[in-house]
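Visitor: Residues -2 to 89 (this note's numbering) are what the sequence shown spells out, left to right.
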Amino acid sequence: MVRIDAFGMPSEELIARIEAEAGVGNREIVVTTDSKDTLEDLVAYSNKSDSSIDINVVENDKGWEVRLEIGGADQVTLPHSNESSVPEDAVS
């Protein structure tokens, strides 16, 4: 897990840092910010990328803690089939 204090950090710089961290294998990134614009940019980033987002208010309403879970593209969900792959004569 990587923590990024984004107070005063431009959104473009923050997104570049998130992408760099994800590129080296960091899949859980926690960002703290007090900027609504940055928060909106993080939500937009989450929507366009393969990541989930969880937003919490920081103590005393001084900003937000944003948890991004990056990845999942390599996880494949196989469709459900009613047909068994086990031959009928193998079942006793």
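Ideal Cβ positions, reconstructed from N, Cα and C, are used throughout, including at glycine. Quick caveat: nothing in here was measured; it's all calculated off a predicted structure.
Apart from the five residues on each side of it in sequence, which residues of its chain come closer than 6 Å, Cβ to Cβ, to ASP38?
Guide: Correct list, in chain order: SER8.
Visitor: Could you check where the alpha helix (DSSP H) with VAL40 kicks off and where it finishes?
Guide: 33 to 45
Visitor: What's the C-alpha gap between ARG24 and GLY60?
Guide: So the alpha carbons of these two residues sit roughly 23 Å apart.
Visitor: Please state the DSSP three-state secondary structure of VAL28.
Guide: strand
Visitor: For ASP51, list the residues DSSP reports as bridge partners.
Guide: ARG64
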